[in-house]
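Peer 1:
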Amino acid sequence: MAPHLTRRRAAAAVLPAALLLPLAACGSDDSAKDAGTGKATGSPRVSLTVLAAASLTDVFKTAGAAYEAKNPGTRITFSFAGSQELIAQVRQGAPADALVTADTKSMDSVKADTAAPAVIARNRLVIATVEGNPHKIDELKDLGDPKLKVVLAAPEVPAGKYSQKILDAQKITVKPVSQEPNVRAVLSKVELGEADAGLVYKTDAASAPGKVDAVDIPDAQNAIARYPAAVLKQSGNTEAAAAFVAWLSSPEAQKILRDAGFQQP
3 MAPHLTRRRA AAAVLPAALL LPLAACGSDD SAKDAGTGKA TGSPRVSLTV
53 LAAASLTDVF KTAGAAYEAK NPGTRITFSF AGSQELIAQV RQGAPADALV
103 TADTKSMDSV KADTAAPAVI ARNRLVIATV EGNPHKIDEL KDLGDPKLKV
153 VLAAPEVPAG KYSQKILDAQ KITVKPVSQE PNVRAVLSKV ELGEADAGLV
203 YKTDAASAPG KVDAVDIPDA QNAIARYPAA VLKQSGNTEA AAAFVAWLSS
253 PEAQKILRDA GFQQP
């Protein structure tokens with residue numbers, strides 16, 4: 003056979019195999035598989051962005067890792083901020099899949115943009131003081147001492163609203179040295195010694211052991227924060243977002259929340 007015919011037939015045999023390679027790379031599984039373990043090693047099939055209240059920062063990082071371990075095809079990214087900032091992001095059309103606020107009023111304000119919310123946890127306020135409580139702050143009325151540097155969350159922040167509510171109920175006048183955009187910023191001011199005390203959630207104070215002390219506020223003088231979670235209608239992954247929101251009420255997620263100091267819904 004002529005050499006040039008042999009070369010043509012060889013090329014013809016190789017061509018179909020070459021054309022199959024791109025098709026093999028476009029399989030139905032979006033993640034690459036490790037040859038030895040068979041586990042997914044590439045990008046997740048679904049990426050969710052969850053807008054969450056700042057007071058959920060630590061516990062949601064733990065919860066997110068637990069959910070990803072149980073659902074390896076899903077990756078969750080959290081954006082933490084004061085609830086009022088989260089609401090502004092939703093109204094501006096920020097790309098996100100779910101929303102969790104620190105009060106029901108904030109969630110209700112964007113009900114046209116969400117599916118029906120479900121309360122996943124509750125929280126309560128404590129007085130955070132500089133470590134060792136050098137100013138001997140024992141109760142809520144002590145915050146009225148004009149010599150104390152007290153910091154509060156801003157009035158538009160849920161923690162700020164709760165704080166003002168309980169201070170007003172006890173007829174305690176506090177002139178804060180600053181009003182912060184979220185409750186974690188209040189905690190930070192106390193941690194750094196820039197304030198003598200501040201009103202934060204119990205879980206926030208618990209997240210800073212050895213840095214701040216927490217003074218309990220009696221139930222009769224306290225306020226209860228409720229955390230609703232909802233799927234955002236603008237989500238491009240509503241089924242996956244709904245699955246995550248539903249999981250937040252599961253026994254596994256509720257244990258994570260309780261371990262961090264949150265109360266049951």
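The numbering of the sequence shown is my numbering, which starts it at 3 and goes up by one. From the three backbone atoms N, C-alpha and C, an ideal C-beta is built for every residue, glycine too. Remember, predicted model here, so these are calculated numbers, not experimental data.
#1: Could you have a look at phenylalanine 82 and say whether DSSP puts it in helix, strand or coil?
#2: By the 10 Å Cβ neighbour count, where 16 or more other Cβ atoms means buried, how is glutamate 254 classified, buried or exposed?
#3: Express the C-alpha separation of glutamine 223 and alanine 171 in angstroms, rounding to a whole number.
#4: How many Å lie between serine 200 and phenylalanine 82 at the Cα?
#5: By the DSSP assignment, the alpha helix (DSSP H) with alanine 71 in it spans what residues?
#6: For lysine 191 and glutamate 182, I'd like the C-alpha separation in whole angstroms.
#7: Which partner residues does alanine 125 have in the DSSP bridge list?
#8: According to the neighbour-count rule (16 or more other Cβ atoms, all chains shown, within 10 Å of its Cβ), is lysine 235 buried or exposed?
#9: Starting from the C-beta of glutamine 265, find all residues in its chain whose C-beta is less than 6 angstroms away, skip the five residues before and the five after it, and write them out in chain order.
#10: DSSP three-state call for threonine 240: helix, strand or coil?
#11: Return yes when the Cβ of aspartate 218 is within less than 8 angstroms of the Cβ of valine 132, no when it is not.
#12: Buried or exposed: lysine 268, going by 16 or more other Cβ atoms within 10 Å of its Cβ?
#13: With DSSP as the reference, please indicate the residues paired to threonine 51 in a beta bridge.
#14: Please identify the residue among Thr59, Thr79, Pro160, Gly238 whose C-alpha is closest to the C-alpha of alanine 225.
#15: Go ahead and label threonine 79 buried or exposed: buried means 16 or more other beta carbons lie within 10 angstroms of its beta carbon, across all protein chains shown.
#16: Do you know how far the Cα of valine 61 is from the Cα of serine 252?
#17: Report the start-end ranges of each alpha helix (DSSP H) in the stretch 170-212 that is 4 residues or longer and not cut off at the edges.
#18: Hey, out of Val214, Ala90, Ser108, Met109, whose CA is closest to tyrosine 203's CA?
#19: Restricting to Cα atoms, I'd like to know which of Ala232, Ala155, Pro178 is closest to glutamate 111.
#20: Does glutamine 256 come out as helix, strand or coil in the three-state DSSP assignment?
#21: Counting C-beta neighbours from all protein chains within 10 Å, is the total for glutamine 94 16 or more, i.e. buried, or is it exposed?
#22: Can you tell which of Thr76, Ala71, Ala56, Ala68 has its C-alpha closest to the C-alpha of alanine 244?
Peer 2: Let's see:
#1: strand
#2: exposed
#3: 8 angstroms
#4: Checking the displayed sequence, the identity of residue 200 turns out to be glycine instead of serine. If I take the Cα positions, the gap works out to 20 angstroms.
#5: 59-72
#6: 9 angstroms
#7: Inspection of the sequence shows that residue 125 is occupied by asparagine rather than by alanine. Per DSSP, Ala227.
#8: exposed
#9: Arg124
#10: helix
#11: no
#12: Because residue 268 is not part of the residues shown, which for the chain are 3 to 267, the question remains open.
#13: Thr79
#14: Pro160
#15: exposed
#16: 15 angstroms
#17: 185-193, 204-208
#18: Val214
#19: Per the sequence presented here, residue 111 reads as serine, with glutamate not at that position. Ranking Ala232, Ala155, Pro178 by Cα distance to serine 111 puts Ala232 first.
#20: helix
#21: exposed
#22: Thr76
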